[in-house]
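Take 275 as the starting number for the sequence shown in the numbering used here and just add one per residue.
This report concerns only the one structure given below.
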Amino acid sequence: APLVLAPGASFPLPETYAVTQADLDAGAVTNTAFATATFAGAPVVSASDTVTVNAIGMAAIDLGKSGNYVDTNGDGLENAGDAVLYTMTAINTGNVTLTDVTISDPLLGALAFTPAAPATLAPGATLVGTGSYTLTQTDIDNGSVTNTATALGTFAGVQYQHEDSDVQNFNQITDIDLV
275 APLVLAPGAS FPLPETYAVT QADLDAGAVT NTAFATATFA GAPVVSASDT VTVNAIGMAA
335 IDLGKSGNYV DTNGDGLENA GDAVLYTMTA INTGNVTLTD VTISDPLLGA LAFTPAAPAT
395 LAPGATLVGT GSYTLTQTDI DNGSVTNTAT ALGTFAGVQY QHEDSDVQNF NQITDIDLV
């Protein structure tokens, strides 16, 4: 039923709007409203009123990295030529969409990615990178290899990053048999 308003009276009309991911990514929600009525059989339209509510966007990225040693020659010893298989998972831990998300790992070089990189990640989405490293005699002599990777993502022209490392320790066997 139509509402009748006396001169100078107002009628509040509370409405709820569900903020979308696009609103958060844009940084604000803008709403414009106007009223329509009839007076003496003729339409009356009010001036419009616009309000903008800023959204609080929080960009963040996290990286988890793990390595698994593989005895490639099956001799039961950690030695040069064996491998470490690495899995790195970048996750968008913020509430805005990150673009140009990738993972870099100088020790491994080229990585295989799922999904393809650079990726666009909505909040909670992940980018997984995998790669392998072949152990050298120097790694075995040092008793370990440390590998650090960096996840990078961009929001509103600002780059966000997070590093994680994995340390693989090796048994150093110094056994000499004299014949």
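The beta carbon of each residue, even a glycine, is placed where N, CA and C say it ideally should be.
Because the structure is a prediction, the values reported are computed rather than measured.
Boundaries of the beta strand (DSSP E) in which residue i is found, first to last residue
i	result
L351	Looking at the DSSP string, L351 is not in any beta strand (DSSP E), and its letter there is neither H nor E.
Q454	The structure shown does not extend to residue 454, since the chain is modelled only from 275 to 453, so the question has no answer here.
D374	L372 to S378
S406	T400 to T408
T394	A393 to L395
T388	A386 to T388
Residue i - containing alpha helix (DSSP H), residue span
i	result
L298	Q295 to A300
N416	Q411 to N416
Inter-residue Cα distance where the pair is residue i and residue j
i	j	result
A296	T371	9 angstroms
P288	A307	12 angstroms
A399	G348	37 angstroms
S322	A309	8 angstroms
L351	K339	24 angstroms
F444	A292	54 angstroms
A425	M332	17 angstroms
Inter-residue CB distance, residue i and residue j (contact presumed, cutoff 8 angstroms)
i	j	result
L298	N369	6 angstroms
A334	Y434	6 angstroms
D413	A423	At roughly 17 angstroms, the Cβ-Cβ gap does not stay under 8 angstroms, so D413 and A423 are not in contact.
V258	T420	The structure shown does not extend to residue 258, since the chain spans only 275 to 453, so no value can be given for it.
A384	T404	Incorrect: roughly 11 angstroms between the Cβ atoms, too far for contact.
Check: Is the segment 328–344 touching the segment 287–302 in the sense that three or more CB pairs, one from each, lie closer than 8 angstroms?
Finding: yes
Notebook entry, point to check: Below 8 angstroms, can you find three or more Cβ-Cβ pairs linking the segment 344–357 to the segment 387–405?
Noted result: no
Margin query: With three or more C-beta pairs closer than 8 angstroms as the rule, is the segment 349–365 touching the segment 379–387?
Written below: yes
Next item on the list: Mind listing, in chain order, the continuous beta strand (DSSP E) runs of no fewer than 3 residues lying wholly within the segment 304–342?
Entry: Given a length threshold of 3 residues, each whole run of the beta strand (DSSP E) inside the segment 304–342 is given here in chain order: 310–313, 316–319 and 323–328.
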